[in-house]
Each structure stands twice: as structure tokens, then as C-alpha cells.
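Here's the structure we're looking at; comments come further down.
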Amino acid sequence: ITDQVDIRSGDVTIEGCDISEGFDGVRVARDATPTIVRNSIHHARQGGDCIYIAEGGKAVIEDNEIHSARVHGIHVNGADVSIRRNRIHDCHFGIFFRKRGKGTIEGNMIQDCATFGIYLVQGSDPIVERNNISCCQIHGIMVSQEGMGQIRENMCNGSLTVKKGCVPQLESNQVLGKFDNENLLSTDQMSLN
């Protein structure tokens with residue numbers, strides 16, 4: 095498919111397609127609940143999102159290769175999304191959650207993003223587990239602007255940064271770059287009891 099796939103409502107499955115060169119790759123509207131599985135979605139160069147899920151939408155996104163987006167591999171804008179076992183690479187942002195987006199980001203391989211592998215903002219609160227994130231230029235995982243999330247058991251070959259005022263739950267992540275949580279006291283500020 096050489097164009098954008100626009101899902102406006104209903105439950106539909108997109109499987110085994112090569113989707114490229116559209117304004118975006120796949121756009122999911124408010125009342126839609128698609129399953130997007132085993133596709134190659136790439137070269138979204140105008141709008142710039144390989145997959146965009148609008149506020150109120152729901153989607154299952156599994157086992158896809160997603161790459162070469164001008165902006166986001168997957169953009170979750172206040173939606174409820176399950177993102178599992180995808181390979182996401184060569185995008186500006188790998189996965190971007192905002193406006194209280196929720197769901198699951200699990201078992202994905204995210205590589206070679208120009209900024210962030212996973213970016214959680216504006217009260218977004220997904221479960222982020224067992225992802226392999228590498229070679230992202232700024233941060234492997236970034237939580238800012240009141241982002242939350244349960245972030246556990248990820249392999250992050252890069253940095254994991256939590257900005258002040260954000261309250262994600264962090265557990266058993268392997269970070270091979272810099273770990274920076276602005277909510278933690280430095281050792282010289284800690285008092286021993």
C-alpha cells in the first residue's frame with residue numbers, strides 16, 4: 095500500500111502489508127479498535143508518524159517492522175495501546191506516549207532513533223517492560239512533563255532519564271549508559287537514619 099491507511103471506526107485487522115509513503119503510515123481515530131500485526135510500515139515523511147493512535151482510540155500493534163518515520167515510529171495521543179514485539183528503528187522518536195496514554199510497551203527492539211527510544215509525557219502511564227533499546231541519540235527512555243509508567247526489566251543501552259516531578263515505578267532495568275532521576279536526592283543531600 096503506497097499511501098496512508100486511515101481507520102476511522104470499528105474493529106479491523108491489518109496483517110501482512112507493506113505500508114509506505116503516505117502522509118502517515120496508519121492513523122487510528124477515536125472510535126477505532128484495530129489489530130495491526132506482521133506488517134512493514136515505513137517512510138512516513140509528511141505527517142511523519144508510521145502509526146498514530148488518536149485520543150479515545152484503542153489498538154493492538156504486534157510483530158511489525160516500523161522504520162524511517164520523519165517523526166514517530168508509534169505516536170499514542172491519549173489512547174489505550176498494546177505494543178508488543180515490534181522492531182522500531184531509524185525514526186526521530188521510537189515510541190511517544192502523551193495526553194494520559196496508557197497500555198503496554200513490551201518486548202520491542204528499538205534502535206537508532208535520532209532522539210528518544212521511548213518518551214512518556216503528560217500523565218501517560220503505560221507498562222514498559224522487557225524492551226531492548228539501543229543507539230538512540232539523546233535518551234533510550236525519557237520520562238518528563240508529569241509522565242509516569244511502570245518501567246521494568248528493560249535493557250537500555252543508552253540513558254534512562256526521569257525529570258523532576260515525574261513518578262514512574264522503576265524496577266530491574268539494566269541501563270548501560272547514564273541513569274538520571276531528578277527526583278532522587280544526591281548522596282550529599284541524604285540524611286542517614
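Per this note's numbering, residue 95 is the first one in the sequence shown, and the count goes up by one each step.
Think of the CB as a built atom: it goes at the ideal place given N, C-alpha and C, for glycine as much as any other residue.
As the structure is a computational prediction, the values presented were derived from the model and not from experiment.
Run through DSSP, which three-state label would residue i get?
i: Lys196; result: strand
i: Ser162; result: coil
i: Asn171; result: strand
i: Val106; result: coil
i: Ile113; result: strand
i: Ala148; result: coil
i: His183; result: strand
i: His136; result: strand
Return the chain-ordered list of same chain residues with a C-beta closer than 6 Å to the C-beta of residue i, the five sequence neighbours on each side being excluded.
i: Val175; result: Ile147, Ala153 and Gly197
i: His183; result: His161, Gln205 and Asp206
i: Arg178; result: Glu156, Glu200 and Gly201
i: Arg246; result: Glu223, Glu265 and Ser266
i: Gln263; result: Gln244
Give every residue of the same chain whose Cβ lies closer than 7 Å to the Cβ of residue i, excluding the five residues on either side of it in the sequence, and list them in chain order.
i: Ala208; result: His186 and Gln231
i: Ser280; result: In this predicted model, Ser280 has a pLDDT of only 48, less than 50, meaning its place in the structure is not dependable; the value taken from the coordinates is given anyway. The answer is none, since no qualifying residue turns up.
i: Val106; result: Pro128
i: Ile135; result: Ile113, Gly119, Val120, Cys144, Ile145, Asn158 and Ile160
i: Gly259; result: Glu240
Would you mind stating whether residue i and residue j have Cβ atoms separated by less than 8 Å?
i: Val131; j: Asp157; result: yes
i: Asn251; j: Leu278; result: no
i: Gly142; j: His166; result: yes
i: Ile199; j: Val215; result: no
i: Gly188; j: Gly172; result: no
i: Arg164; j: Arg181; result: no
Do residue i and the ligand NAP come close, with the Cβ less than 7 Å from some heavy atom?
i: Asn202; result: In the structure shown, the ligand NAP is absent, as is every other ligand, since no ligand is present at all.
Please specify which runs of the beta strand (DSSP E), each continuous and at least 3 residues long, are wholly inside the stretch 199-284, giving them in chain order.
-> 203-205, 210-214, 221-223, 226-228, 233-237, 244-246, 249-251, 254-256, 263-265 and 273-275
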